[in-house]
Amino acid sequence: VAEPALGTMGAAGITLADIGGLADVKKRLDMSFLTPLRNPELRLRFGKSLRGGLLLWGPPGCGKTLIARALAGELGASFYEIGLSDVLDMWIGSSERNLRDIFATARRNRPCLLFFDEIDALGQKRSHLRGGGSAMRGVVNQMLAELDGATTDNEGLFVLAASNHPWDVDSALLRPGRFDRTVLVLPPDAEAREAILRLHLRGKPAERLDLARIAKVSDGMSGADLALVCEQATETAMEESMATGRVRPITQRHLQDAVKSVSPSIGEW
Ligand code: ATP
Numbered sequence: 124v125a126e127p128a129l130g131t132m133g134a135a136g137i138t139l140a141d142i143g144g145l146a147d148v149k150k151r152l153d154m155s156f157l158t159p160l161r162n163p164e165l166r167l168r169f170g171k172s173l174r175g176g177l178l179l180w181g182p183p184g185c186g187k188t189l190i191a192r193a194l195a196g197e198l199g200a201s202f203y204e205i206g207l208s209d210v211l212d213m214w215i216g217s218s219e220r221n222l223r224d225i226f227a228t229a230r231r232n233r234p235c236l237l238f239f240d241e242i243d244a245l246g247q248k249r250s251h252l253r254g255g256g257s258a259m260r261g262v263v264n265q266m267l268a269e270l271d272g273a274t275t276d277n278e279g280l281f282v283l284a285a286s287n288h289p290w291d292v293d294s295a296l297l298r299p300g301r302f303d304r305t306v307l308v309l310p311p312d313a314e315a316r317e318a319i320l321r322l323h324l325r326g327k328p329a330e331r332l333d334l335a336r337i338a339k340v341s342d343g344m345s346g347a348d349l350a351l352v353c354e355q356a357t358e359t360a361m362e363e364s365m366a367t368g369r370v371r372p373i374t375q376r377h378l379q380d381a382v383k384s385v386s387p388s389i390g391e392w
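Written out as structure tokens, the structure reads:
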């Protein structure tokens, strides 16, 4: 039997300030997630429990994973990212065991934020497990038991999930006390695109750049597309630097050329 896929782990190293745009999302997460966690006395006073997880949904590349990492950073928690399709094993019972091991490891590393990407992989409709829907039911039940923490203590364990296809997420996972709070992570508007570009160019040698202009002509681009634009512009500047033997800054032209070469991925969603 293959080792369970434990995903990537480590200190998150980033905070909400490292995310461009998404002002409403950040505000909501601060109020409904971080503030109660940081104020246990107030939580107790209002009888607010910490049960349940948070589901982030929206098109690919718009910052769901980044948000999860930033929340871990804000909480000083270790961070585990799990691609759920990696957990699923065609052998009945193995997927449940994989999931149990993941939660056990996360609990040993508390405070820990566990982030399940592709939570829709647990949806019955997409089941590829031997035994089909009924085998998947076992995995969903295992997930519910772990989230409930009925037999274990989940203090210091934060569970987040993400999906590009929330309509495929098993409805049992969305009931109260489970992934009952949903946060929509939308593609960036022009202002957010400018902020994302600025973040990705931070600290690099650059001439005076009109990023608002680049933001204007990059409609339909996700944060991941914009990161690629910055990477390409950086590479061109580096190539020129190597060719001339001195540091050549990133220019407006580098960015304009890069924008033209990257195709916007929003719209395919
Ligand atoms: P998927 O659904 O494909 O898993 P995702 O929504 O989780 O996508 P991320 O992994 O968070 O997307 O984003 C991919 C990369 O794009 C990030 O590592 C980051 O470089 C960049 N990025 C996306 N959104 C933002 C943002 N709002 N601010 C800064 N960078 C961003």
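Numbers 124 to 392, taken from UniProt numbering, label the letters of the sequence shown in order. Cβ atoms here follow ideal geometry from the backbone N, Cα and C, with glycine treated the same way.
In terms of Cβ geometry, A285 and L139 do not form a close pair [threshold 8 Å]. At least 8 Å separates the beta-carbon of D153 from that of L322. Contact check between the region 239 to 246 and the region 284 to 303: three or more CB pairs, one atom from each, fall below 8 Å, which counts as touching. G346 sits away from G181, with the two beta carbons spaced by 8 Å or more. At least one heavy atom of the ligand ATP is found less than 7 Å from the C-beta of K187. DSSP, reduced to helix, strand and coil, places R220 within a helical segment of the structure shown. The C-beta separation of G261 from E219 comes to about 6 Å, placing the pair in contact by the 8 Å criterion.
According to the DSSP assignment, V282 belongs to the beta strand (DSSP E) that extends over L280 to S286.
L307 is positioned such that its CB atom lies no closer than 8 Å to that of Q265.
Closest option to F202, judged by alpha-carbon separation, among V292, L349 and G279: G279. For G206, the enclosing beta strand (DSSP E) has its first and last residue at S201 to G206. Between the region 285 to 300 and the region 310 to 330, the count of Cβ pairs shorter than 8 Å is below three; the stretches do not touch.
The beta carbon of V292 sits no closer than 7 Å to any heavy atom of the ligand ATP. For Q355 against A381, the beta-carbon gap comes to about 4 Å, under 8 Å, which counts as contact.
DSSP lists E204 and L283 as the bridge partner or partners of F238. DSSP lists L178 as the beta-bridge partner residues of T305. Distances taken from the Cβ of P387 to the heavy atoms of the ligand ATP include none shorter than 7 Å. For P234 against A200, the beta-carbon gap comes to about 4 Å, under 8 Å, which counts as contact.
Close CB contacts of D348 within its chain, under the 7 Å cut and outside five residues either way in sequence, are with G184, V385, P387 and S388 (chain order).
Residue burial annotation: F169 is exposed, with fewer than 16 other C-beta atoms found within 10 angstroms of its C-beta. For K149, the uninterrupted alpha helix (DSSP H) segment begins and ends at A146 to L152. Excluding five sequence positions before and after N232, the CB atoms of its chain that fall closer than 7 Å to its own CB belong to S201, given in chain order. In the structure shown, I225 falls within a helical segment according to DSSP collapsed to helix, strand and coil. Under DSSP, the beta-bridge partners assigned to A329 are I373. Looking at I190, L324 and G390, the one whose alpha-carbon comes closest to that of A360 is L324.
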